[in-house]
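Novice: Going by this note's numbering, the sequence shown opens with residue 243, and the numbers climb by one from there.
Glycine is no exception: its CB is placed at the ideal position from the N, C-alpha and C atoms.
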Amino acid sequence: MASHPDFDKTESRMAILGHPLHAMTVAFPVALTFCAFGADLFYWWSGEERWAWAALWACGTAFLFGLLAGFTGTMELLMVPGIRIRAAAWTHFVIAVMLLSLLGLNWGWRLTGYETAVLPWGLLLSGFAVLVVSATGWHGGKLVFDYRLGTSKGN
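1. Which residues mark the beginning and the end of the alpha helix (DSSP H) in which ALA359 is found?
2. In this structure, how does DSSP classify GLU290 when only helix, strand and coil are distinguished?
3. Tell me which residues share the same chain as THR252 and place their Cβ nearer than 8 Å to its Cβ, disregarding the 5 neighbours each side in the sequence.
4. Quick one: Cα of ILE327 to Cα of ARG255, how far?
5. Could you please give the first and the last residue of the uninterrupted alpha helix (DSSP H) stretch that includes GLY346?
6. In three-state terms, what does DSSP make of HIS381?
7. Do you know how far the Cα of ASN348 is from the Cα of GLY260?
8. Keeping to the same chain, check which residues put their C-beta closer than 7 Å to that of ASP248; ignore five residues upstream and five downstream.
9. Report the rounded CA-to-CA distance for ILE337 versus ARG292, giving the unit in angstroms.
10. Where do the ends of the alpha helix (DSSP H) carrying THR252 lie?
11. Just how far apart, CA to CA, sit LYS384 and ASP282?
12. Tell me where the alpha helix (DSSP H) around PRO323 begins and ends.
13. Evaluate ALA269 with the Cβ neighbour count: other Cβ atoms within 10 Å of its Cβ, from every protein chain shown; 16 or more gives buried, anything less gives exposed.
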């Protein structure tokens with residue numbers, strides 16, 4: 243693959259003043275996924291309604307920001323030849339789509355009644371989402387730091 247003519251073409255095309263949009267937007271769904279899990283744990287521990295409410299908002303906001311991060315990441319994947327030819331980039335894409343599905347399911351589940359949705363399914367969905375966001379975040383970090391994919395300078 244290293245002999246492919248596009249192998250070194252990895253510079254971000256979705257950027258503002260050289261700052262890649264995908265890297266800027268992924269922080270929100272990652273942090274909010276952990277916040278939702280934390281709020282679920284606090285609700286389980288305390289039984290206070292405010293934690294179930296906080297988890298509902300964290301899930302919804304994580305999903306919506308995840309859509310934005312997913313859009314920018316998908317555009318990078320499709321527009322940058324050096325990213326598109328790497329199997330590892332497609333693996334990251336698949337894990338991230340699975341995460342988006344989990345975040346959407348978790349939010350939708352809570353819209354039926356945010357307080358009753360937490361135990362046990364909301365907590366389990368949040369816990370699983372933390373595992374998946376950790377996997378896709380680690381994988382995305384490897385793509386950036388090891389291969390310099392989607393950065394402002396190609397190599």
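Specialist: Well, looking at it:
1. Along the sequence shown, one-based indexing puts residue 359 at 117. From DSSP, ALA359 is part of no alpha helix (DSSP H); its letter is neither H nor E.
2. Sequence index remark: in the sequence shown, residue 290 carries index 48 (1-based). GLU290 falls in the coil class under three-state DSSP.
3. Start at 1 with the first residue of the sequence shown, and residue 252 comes out as number 10. Only VAL322, GLY324, ILE325, TYR389, ARG390, LEU391, GLY392, THR393, GLY396 and ASN397 meet the Cβ criterion.
4. Here the question's residue 327 lines up with position 85 in the sequence shown. Here the question's residue 255 lines up with position 13 in the sequence shown. Using only the alpha carbons, I get a separation of about 16 Å.
5. As a first step, residue 346 must be located in the sequence shown, where it is residue number 104. Start and end: 329–352.
6. By one-based count along the sequence shown, residue 381 stands at place 139. Residue state, collapsed to three classes: helix.
7. Counted from its first residue, the sequence shown places residue 260 at position 18. Counted from its first residue, the sequence shown places residue 348 at position 106. The straight-line gap from Cα to Cα measures roughly 34 Å.
8. Your numbering for residue 248 matches position 6 in the sequence shown. Excluding sequence neighbours, ASP248 sits near PRO323, GLY324 and ILE327.
9. If you number the sequence shown from 1, residue 337 lands on position 95. If you number the sequence shown from 1, residue 292 lands on position 50. So the alpha carbons of these two residues sit roughly 31 Å apart.
10. Counted from its first residue, the sequence shown places residue 252 at position 10. Unbroken run through THR252: none, as it is neither H nor E.
11. What you label residue 384 is simply residue 142 of the sequence shown in a count that begins at 1. What you label residue 282 is simply residue 40 of the sequence shown in a count that begins at 1. Looking at the two C-alpha atoms, the distance is approximately 30 Å.
12. Taking the sequence shown and counting its residues from 1, one reaches residue 323 at position 81. Note, PRO323: alpha helix (DSSP H), 323–326.
13. Here residue 269 refers to the residue found at position 27 of the sequence shown. By the 10 Å Cβ count, ALA269 comes out exposed.
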